[in-house]
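Just so you know, the sequence shown maps onto residues -23 to -1, 1 to 373 in mature numbering (1 follows the signal peptide of the UniProt record, and there is no 0).
Where a beta carbon is used, it is the ideal one built from N, C-alpha and C, also for glycine.
Since the structure comes first, as structure tokens, the remarks are kept for the end.
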Amino acid sequence: MKKWFTMLGSLLLSLALAVPAFAAQAPITVYVDGVRLSFSAGSPYLQNGSVMVPFRAVFEKLGLKVGWDPVARSVTGTSTNLNLRLTIGSNRASVNSTVRKLPAAPVQTGGTAYVPLRFIGEATGGKVVWNPASRSVQITKPVSKNRDEEDIASLMNTLTSYFNSENAAGIASLAQTGSDFAQSVTGLERMFQAYDLKSEVKSMDILGLKDNEATIATVETSTRTGGTYIPDSQDEYIYTLVRSGSWKISDVRNQKSTVLFTREQGMQRAEMPQGTDNAIQNTLKRHYESLNDKNVTVMLSTMTSYGEDYDNTQKSSLEEFFKTYDLAYTLSASNVFYFNGTEAAVYVEQQVKDKNESVSYNQALILLLDKSDDGAWTISDSYTVSNSVEGEPNNP
């Protein structure tokens, strides 16, 4: 009886010691891009420090086409750019016809071939991390260039969609935090209140794509659909993108802007009172006279004021401009083609001649004018439609 009790105590002690040892050997789990793999043909296990797994489930999850040669007892995994071959019992593998040494030879148990997981994950370009505490393996698949290009195209399409729906918050969500682009987005609400525009990406080229940064070139058109007048344009942009989980816009630079406007459009007269047309033409007359006379005070009176600081900056710029250049301006044509009561757009053709050079410039412009509270018309903005040169500058 005592001996039986002693044996029972020993058995209970063995069980007690065995429980924690068994609990420590939790099943090995494998995750690919955060998704747990299910192994129906067998369970992963450790062999001399290598995690061995049934090959079919892993190969298929990593995008490989599975093959099994029963005669050679070899498994294969193929994709567009990769050809793997491992043989049961051999510690050598073929990777795109290059022989590589394996950390553990593949084995066949119960009709299932087991292969070293780390080797397979890294051979496909993935990152493999073993967590001994949780007995889990995390594999992160490489992002293909094609996938990057698709994600970048999706980002640009989303940006255009947000712009056309005047969704400033949506555009802000696409910006890298603290970037130049993020800061520029803060003024979008005011722009959307003033202008109604439709943007369209005509072409997009990825100039550079490396790691977590991309450089994108686009050609985009902007078409006015309402609101304050602004001419239609075609713009060439360079975008800088960074990836932090997903692609974000860091910076945008306008490389070239072309006004989409014809002389025929500019010479179509807008309907307006004759007195208004006369007042606008008088503003233009005074403006060009002040250019030729280098009269800063009169010239400023023909331009829209945006506050004292702005006016002082304009004054200093004009004084410096008149000191530097000696130009003669001739206005050859002008026509108000847009008018809504408080704003007007004027198509003008001018010749600018450098008095010190045998060269002159023929320019077509769009001048925007605003009507002030006192009824005066002043120039608020300008856009170049075309610019051609006659003659050659004198060479020193």
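When rounded, the separation of the alpha-carbon atoms in residue 262 and residue 125 is 56 Å.
Straight-line measurement puts the Cα of residue 19 at about 8 Å from the Cα of residue 30. For the alpha helix (DSSP H) assignment, the uninterrupted runs of no fewer than 4 residues enclosed by the segment 20 to 50 are, from N- to C-terminal side, 32 to 38. Residue 245 carries a coil assignment under DSSP once its states are collapsed to helix, strand and coil.
Annotated three-state conformation of residue 220 is strand, per DSSP.
For residue 118, no pairing in a beta bridge is given by DSSP.
Using a Cβ-Cβ distance cut-off of 8 Å, the segment 248 to 257 and the segment 265 to 283 are not in contact, since fewer than three pairs of beta carbons, one from each stretch, lie closer than that value. For the set 92, 60, 320, the Cα lying nearest the Cα of residue 67 is the one of 92.
For residue 337, the enclosing beta strand (DSSP E) covers residues 336 to 348.
Measuring C-alpha to C-alpha distances from residue 278 to each of 222, 293, 212, 355 identifies 355 as the nearest. Our two residues, residue 74 and residue 17, have alpha carbons roughly 31 Å apart in a direct line. The alpha-carbon of residue 260 is positioned some 16 Å away from that of residue 314.
With fewer than three CB-CB distances shorter than 8 Å, the segment 335 to 344 does not count as touching the segment 215 to 228. Residue pairing of residue 305 in beta bridges, as defined by DSSP: 330. Ranked by how close their Cα comes to the Cα of residue 311, the residues 240, 317, 236 have 240 in first place. Nearest in C-alpha terms to residue 244, of all of 341, 192, 96, 299, is 341. A buried status is given to residue 323, since no fewer than 16 other beta-carbon atoms sit within 10 Å of its beta-carbon. The continuous alpha helix (DSSP H) containing residue 275 extends over residues 273 to 278. If you compare the alpha carbons of 207, 24, 130 with that of residue 169, the shortest gap goes to 207.
In the three-state reduction of the DSSP assignment, residue 211 falls in the strand class, which pools E and B. The beta-bridge partner set that DSSP reports for residue 193 consists of 183, 216.
Only residues of its own chain outside the window of five on either side were considered, and among them 119 have a CB closer than 7 Å to the CB of residue 102, listed in chain order. Per DSSP, residue 62 is one residue of the beta strand (DSSP E) stretching across 60 to 64. Judged by DSSP in its simplified three-state form, residue 314 adopts strand. Looking only at 327, 232, 62, the smallest Cα-Cα distance to residue 90 is reached by 62. Remark: C-beta atoms of residue 215 and residue 129 do not approach each other more closely than 8 Å. The three-state reading of DSSP puts residue 153 in coil, since its state is none of H, G, I, E or B. In summary, residue 285 is exposed, with fewer than 16 beta-carbon neighbours lying within 10 Å of its beta-carbon over all protein chains present.
Of the candidates 191, 238, 218, the residue whose Cα lies closest to the Cα of residue 211 is 238. Secondary structure at residue 18: coil, using DSSP grouped into helix, strand and coil. Contact between the segment 160 to 179 and the segment 196 to 205 is present: 3 or more CB-CB pairs across the two stretches fall below 8 Å. Boundaries around residue 267 are those of the alpha helix (DSSP H), 251 to 270, since no beta strand (DSSP E) includes it.
If you draw a straight line from the Cα of residue 184 to the Cα of residue 191, it comes to about 8 Å. Membership of residue 171 in the alpha helix (DSSP H) is indicated by the continuous run 165 to 171. Classified as exposed, residue 131 has fewer than 16 neighbouring CB atoms from the shown chains inside 10 Å of its CB. DSSP places residue 136 in the helix class (H, G or I) of the three-state scheme.
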